[in-house]
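Participant: Heads up: the sequence shown is residues 2 to 80, going by my numbering.
Each residue gets a CB set at the ideal place from its N, CA and C atoms; glycine is no exception.
Sharing a structure below in structure tokens format, with a few things to ask.
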Amino acid sequence: REDDKSGDSAAGKAYAQAALLIEFLRESEFGKAKFLDWMHAMGCVEYEDLAAITAVTKRFYGVDIDGLEKLFREYCAKR
2 REDDKSGDSA
12 AGKAYAQAAL
22 LIEFLRESEF
32 GKAKFLDWMH
42 AMGCVEYEDL
52 AAITAVTKRF
62 YGVDIDGLEK
72 LFREYCAKR
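See the structure below:
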């Protein structure tokens, strides 16, 4: 349910995961210096344009989406 107050709603879980991803991109050594530039570039990407999302991610972080996910999972496992 969307109005679930326990924090177990789909929206609640999505927000928590998004917050963790932002923490990773902003705070990890992987992305600390690049986060704001990446965010500005992503702001110019059309919604669901996977090719553009991948290009921006490669430009700033040197990895594609799969590579970013791998690093994110490693970050989460150490956290």
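Residues in its own chain within less than 8 Å of Val57 by CB, not counting five upstream and five downstream?
Facilitator: Along the sequence shown, one-based indexing puts residue 57 at 56. Trp39, Ala42, Met43 and Val46, listed in sequence order.
Participant: Go ahead and label Arg2 buried or exposed: buried means 16 or more other beta carbons lie within 10 angstroms of its beta carbon, across all protein chains shown.
Facilitator: Numbered from its first residue, the sequence shown carries residue 2 at position 1. Caution applies to Arg2, whose pLDDT of 47 falls short of 50 and renders its modelled position unreliable; the value that the coordinates give is listed next. Result: exposed.
Participant: Could you give the uninterrupted runs of the alpha helix (DSSP H) lying entirely in the stretch 10 to 75, keeping only those of 4 residues or more?
Facilitator: Runs of the alpha helix (DSSP H) inside the stretch 10 to 75: 11 to 28, 36 to 43 and 51 to 62.
Participant: Taking its Cβ as the centre, do 16 or more other Cβ atoms sit within 10 Å of Leu69, making it buried, or is it exposed?
Facilitator: Here the question's residue 69 lines up with position 68 in the sequence shown. Taking a 10 Å sphere around the C-beta of Leu69, we find 16 or more other C-beta atoms and assign the residue as buried.
Participant: Tell me the rounded alpha-carbon separation between Asp50 and Leu26.
Facilitator: Counted from its first residue, the sequence shown places residue 50 at position 49. Counted from its first residue, the sequence shown places residue 26 at position 25. Cα to Cα, the separation comes out at about 20 Å.
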